[in-house]
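Data block below; observations after.
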Amino acid sequence: MATKNSYIHLSSINVVVIVVVVISCVNVSQLCYAQDVPIVKGLSWSFYDKSCPDAESIIRKQLKNVFKDDIGQAAGLLRLHFHDCFVQGCDGSVLLDGSASGPSEQGAPPNLSLRARAFEIIDDLQARIQKKCGQVVSCSDITALAARDSVFLSGGPDYPVPLGRRDGLTFATREVTLANLPPSTSNASAILAALATKNLDATDTVALSGGHTIGLSHCASFGNRLYPTQDPVMDQTFAKNLKAICPTNTTNATTVLDIRSPNVFDNKYYVNLMNRQGLFTSDQDLYSYSKTKNIVIDFAVNQTLFFEKFFVAMTKMGQLSVLTGSQGEIRANCSVRNSDNKAYLASVVDEDAERFEEL
Ligand code: HEM
Numbered sequence: 001m002a003t004k005n006s007y008i009h010l011s012s013i014n015v016v017v018i019v020v021v022v023i024s025c026v027n028v029s030q031l032c033y034a035q036d037v038p039i040v041k042g043l044s045w046s047f048y049d050k051s052c053p054d055a056e057s058i059i060r061k062q063l064k065n066v067f068k069d070d071i072g073q074a075a076g077l078l079r080l081h082f083h084d085c086f087v088q089g090c091d092g093s094v095l096l097d098g099s100a101s102g103p104s105e106q107g108a109p110p111n112l113s114l115r116a117r118a119f120e121i122i123d124d125l126q127a128r129i130q131k132k133c134g135q136v137v138s139c140s141d142i143t144a145l146a147a148r149d150s151v152f153l154s155g156g157p158d159y160p161v162p163l164g165r166r167d168g169l170t171f172a173t174r175e176v177t178l179a180n181l182p183p184s185t186s187n188a189s190a191i192l193a194a195l196a197t198k199n200l201d202a203t204d205t206v207a208l209s210g211g212h213t214i215g216l217s218h219c220a221s222f223g224n225r226l227y228p229t230q231d232p233v234m235d236q237t238f239a240k241n242l243k244a245i246c247p248t249n250t251t252n253a254t255t256v257l258d259i260r261s262p263n264v265f266d267n268k269y270y271v272n273l274m275n276r277q278g279l280f281t282s283d284q285d286l287y288s289y290s291k292t293k294n295i296v297i298d299f300a301v302n303q304t305l306f307f308e309k310f311f312v313a314m315t316k317m318g319q320l321s322v323l324t325g326s327q328g329e330i331r332a333n334c335s336v337r338n339s340d341n342k343a344y345l346a347s348v349v350d351e352d353a354e355r356f357e358e359l
């Protein structure tokens, strides 16, 4: 696990921007991150060291069990963190069920294909941590750590995650959700523009798209490349096989995102792009577009470089508009804000009554 001991120790992080320079590797499964990564005020590498030192090991141990049965769940958890962070920041808002204020983010079109099991896994992790430490670790931090462990346990890099996110009190509307998650039919120029609004540059964009080295897609997400006419960029055999899986672009079937190594977090996604076997327009166009083509090639020939840049980009993404300090709350149940949580409110009233009796 990427404990802080594996990296430069940072205990008093309270400035707006600090610079982490990692100077050594502890073992071969960890990278030497010779990178500068800015950390936002309020997050730190040692946030739960005193209040819940076992949080990270509880998550890793449980996810190892989950993935032993079904490694596919790793992809669902990685995507969940991305969908959390891009819409209203990494505040766990995607986890919230709908409420009187309207339908939740989960009901917006890009989130309909998030795995139901991913939400259950986060709830289960939160219950395990809460049992051990009480209500101190946020659902948004658990989601970020689960994404990191999904990458690592699928064969990718192990990397530290700055912690201290708080959970949001609101969720975004359907319109806001749609506006923040670009569709897979976008070309590279549109994807770059969408990610630039979140201060993610071309290298970040190509690295994050490498998340498509694991997981599945439904026909509807790439049907535009097969019907009514086939995208001329697509490899012929690849297209033929996809048409067999998806006889129409509304067929409710799935296929793997990375044909070379569908369950392994590696750099084969970029090799696919160079062979015109990228699944989405938003993937394949990264190799056609002049501003991103060379980055694709660099990652295809150098997996270590991809892992380094992925860590940097994930660390940036994982800090988008985070709530810290006294903002938001620590949810007692990841799918319900505390003010809507009857069981939680009843327990707070009981505790208050006990304290009153003691006086
Ligand atoms: C850059 C823009 C992105 C677009 C347009 C995009 C689009 C999509 C789409 C359409 C799917 C398939 C949904 C379905 O049909 O079931 C998908 C799956 C997935 N995406 Fe992305 N994505 C993007 C970025 C990312 C990022 C940044 C990550 C993580 C770092 C990521 C990780 C995943 C994973 C792991 C899956 C598979 C999920 C599963 O198997 O349940 N994506 N993406």
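Note that the sequence shown covers residues 1 to 359 in full-length UniProt numbering. A virtual CB, placed ideally from N, CA and C, is assigned to each residue, including glycine.
Of the residues the options, the one placed nearest residue i, counting alpha carbons only
{"i": "Ala332", "options": "Lys64, Gly210, Ser186 and Leu125", "result": "Leu125"}
{"i": "Thr251", "options": "Lys198, Phe222 and Phe86", "result": "Phe222"}
{"i": "Gln319", "options": "Val206, Pro103, Leu200 and Glu120", "result": "Leu200"}
{"i": "Leu169", "options": "Gly328, Asp69 and Ser335", "result": "Gly328"}
{"i": "Gln62", "options": "Ser51, Asp123, Val40 and Trp45", "result": "Asp123"}
{"i": "Thr173", "options": "Arg337, Val94 and Lys291", "result": "Val94"}
{"i": "Asn267", "options": "Ala207, Lys316, Gly325 and Thr255", "result": "Ala207"}
{"i": "Val151", "options": "Arg260, Cys334, Ala190 and Gly76", "result": "Gly76"}
{"i": "Arg166", "options": "Ile142, Tyr344 and Arg148", "result": "Ile142"}
{"i": "Ser209", "options": "Ala220, Ala196 and Ile191", "result": "Ile191"}
{"i": "Cys90", "options": "Ser138, Gly134 and Ala239", "result": "Ser138"}
{"i": "Leu226", "options": "Leu43, Leu181 and Ile245", "result": "Ile245"}
{"i": "Val44", "options": "Leu323, Phe299 and Ala343", "result": "Reading the sequence as shown, one finds Ser at residue 44 and not Val. Closest option to Ser44, Cα to Cα, is Leu323."}
{"i": "Glu52", "options": "Cys219, Thr281, Lys64 and Cys133", "result": "The displayed chain sequence assigns Cys, not Glu, to residue 52. Selected option, being the one with the closest Cα: Cys133."}
{"i": "Asn341", "options": "Leu78, Gly98, Lys50 and Lys41", "result": "Gly98"}
{"i": "Phe82", "options": "Lys243, Thr205 and Ala188", "result": "Thr205"}
{"i": "Ala188", "options": "Ser57, Ile295, Cys219 and Val87", "result": "Ile295"}
{"i": "Ala146", "options": "Ile121, Glu308, Phe280 and Val136", "result": "Ile121"}
{"i": "Pro110", "options": "Leu178, Ser57, Gly102 and Asp149", "result": "Leu178"}
{"i": "Thr255", "options": "Ser261, Leu216 and Lys243", "result": "Leu216"}
{"i": "Ala196", "options": "Met317, Val233 and Arg128", "result": "Met317"}
Check: residue i C-beta below 7 Å from any heavy atom of the ligand HEM
{"i": "Gly107", "result": "no"}
{"i": "Ile142", "result": "no"}
{"i": "Pro182", "result": "yes"}
{"i": "Ser138", "result": "no"}
{"i": "Leu216", "result": "yes"}
{"i": "Arg79", "result": "yes"}
{"i": "Ile191", "result": "yes"}
{"i": "Gly318", "result": "no"}
{"i": "Gly156", "result": "no"}
{"i": "Arg60", "result": "no"}
{"i": "Ala244", "result": "no"}
{"i": "Gly134", "result": "no"}
{"i": "Ala220", "result": "yes"}
{"i": "Phe47", "result": "no"}
{"i": "Gly98", "result": "no"}
{"i": "Gly76", "result": "yes"}
{"i": "Leu273", "result": "no"}
{"i": "Phe82", "result": "yes"}
{"i": "Phe152", "result": "no"}
{"i": "Phe280", "result": "yes"}
{"i": "Leu208", "result": "yes"}
{"i": "Arg117", "result": "no"}
Simplified DSSP state of residue i, which is helix, strand or coil
{"i": "Ala346", "result": "helix"}
{"i": "Asn333", "result": "strand"}
{"i": "Ser6", "result": "Bear in mind that a pLDDT of 42 at Ser6, under 50, signals an unreliable position, so the model cannot answer this."}
{"i": "Asp192", "result": "The amino acid occupying residue 192 in the given sequence is Leu; Asp does not appear at that position. In the structure shown, Leu192 sits in a helix (DSSP, three-state: H, G or I)."}
{"i": "Ala34", "result": "Reliability of the predicted coordinates at Ala34 is poor, the pLDDT of 40 falling under 50, and the value obtained from them is presented with this limitation in mind. Of the three classes helix, strand and coil, the one that applies to Ala34 here is coil, per DSSP."}
{"i": "Leu320", "result": "coil"}
{"i": "Leu181", "result": "coil"}
{"i": "Leu208", "result": "helix"}
{"i": "Asn341", "result": "coil"}
{"i": "Leu169", "result": "coil"}
{"i": "Ser51", "result": "coil"}
{"i": "Val21", "result": "For Val21, the pLDDT reaches just 39, beneath the cut-off of 50, and the residue's location in the model is therefore unreliable, although a value from the coordinates is still provided. Residue state, collapsed to three classes: coil."}
{"i": "Ser46", "result": "coil"}
{"i": "Ser326", "result": "coil"}
{"i": "Asp201", "result": "coil"}
{"i": "Ser217", "result": "strand"}
{"i": "Val301", "result": "helix"}
{"i": "Gly89", "result": "coil"}
{"i": "Ser186", "result": "coil"}
{"i": "Val66", "result": "helix"}
{"i": "Ile71", "result": "coil"}
{"i": "Val28", "result": "Note that Val28 scores 38 on pLDDT, short of 50, meaning its location in the model is unreliable; the coordinates nonetheless yield the value given after this. Coil at Val28, not helix or strand."}
{"i": "Tyr287", "result": "helix"}
{"i": "Lys61", "result": "helix"}
{"i": "Ile39", "result": "coil"}
Residue i beta carbon near the ligand ZN (any heavy atom closer than 7 Å)
{"i": "Leu345", "result": "Judged by which ligands are present, the ligand ZN is missing from the structure shown, whose ligands are the ligand HEM."}
What alpha helix (DSSP H) runs, 4 residues minimum, are completely inside the stretch 93 to 166?
116 to 133 and 139 to 153
Fully enclosed by the stretch 219 to 285, which alpha helix (DSSP H) runs are 4 residues long or longer?
236 to 245 and 268 to 274
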